[in-house]
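Asks:
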Amino acid sequence: MKREEKNALSRQRILDAAMREFSARGYEGASLNTVCTEYGISKGIIYHYFKDKDELYLLCTEKCFNEITAYLEETAKQLSGTVEQKLQTYFDARLCFFANNPLYLGIFADAALNPPEALSAEIAKCRKKFDELNISVLTGLLNSKPLREGLAVEAIVEDFRIYMDFFNLRFKTSFDGKSTLETALHEHEKRCHRQLGMLLYGVFDDKNVKG
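Just so we're aligned, residue 1 is where the sequence shown starts under this note's numbering, counting upward by one.
#1: Can you check whether the CB of residue 94 is closer than 8 angstroms to the CB of residue 189?
#2: Quick check on this structure: which residue in 36, 65, 20 and 199 has the alpha carbon closest to the alpha carbon of residue 129?
#3: Are three or more beta carbon pairs between the region 40-54 and the region 93-108 nearer than 8 angstroms?
#4: In the DSSP assignment, find the unbroken alpha helix (DSSP H) run with residue 102 in it and report its ends.
#5: Would you kindly work out how many angstroms separate the C-alpha atoms of residue 37 and residue 47, rounded to a whole number?
#6: Does residue 21 pass the burial test, meaning 16 or more other C-beta atoms within 10 Å, or should it be called exposed?
#7: Alpha carbon to alpha carbon, what distance is there between residue 137 and residue 76?
#8: Between the Cα of residue 9 and those of 27, 30 and 45, spot the shortest distance and give me the residue it belongs to.
#9: Using the Cα positions of residue 41 and residue 28, report the straight-line distance between them to the nearest angstrom.
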């Protein structure tokens, strides 16, 4: 085996182990010592390929957001039906992604809903395309119906982003660890869906918005 291939395999083995560790325990609870013990990887090998725990976490986070964004982009291209049907399809696809990729669920919940403060700027870069896709879907829904007089799409989108920042902060401060991240994420998605629906039905001029 060529050296490049061996290095690639070693690097991927470490990333796979780190993905499992961060998914199960989040950034705060994860330990490189546990990665070494449970997966038979020496700490020297880890530091040969990666700078530190932060770099590994960000690489896992970046991969998670890249994968879910690519998946949802395909869903977004095929959205059809009423506003409510489009919303349901989009949020169902988000949950379906995690059902099919359970390792990413813990990574996503930790990075999106309970991010380590010291890495917030780097995490924002990792999720940039994901956030842009969500805004694109919301903008498309807003443009599909007449809005109430005096309201603009850009202002509504910005208000929703501010609301979601507050909502995610509330989740972070109220999450007590008694429920699993999977349960917490499902509840979070349901609330997002409900709140987005309330936002849309409150801004559309058409009273029969679901039709």
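For each residue, glycine too, the CB sits at the ideal point set by N, CA and C.
As the structure is a computational prediction, the values presented were derived from the model and not from experiment.
Replies: In this structure, then:
#1: Yes, the Cβ-Cβ distance between residue 189 and residue 94 is below 8 angstroms.
#2: Nearest neighbour of residue 129 by Cα position, chosen from 36, 65, 20 and 199, turns out to be 65.
#3: A contact is defined here as three or more CB-CB pairs under 8 angstroms, and the region 40-54 fails this definition with respect to the region 93-108.
#4: The continuous alpha helix (DSSP H) containing residue 102 extends over residues 102-108.
#5: Looking at the two C-alpha atoms, the distance is approximately 15 angstroms.
#6: Result: buried.
#7: Whole-angstrom Cα-Cα distance: 7 angstroms.
#8: Proximity to residue 9 across 27, 30 and 45 peaks at 45, based on C-alpha coordinates.
#9: Distance between the alpha carbons of residue 41 and residue 28 is about 20 angstroms.
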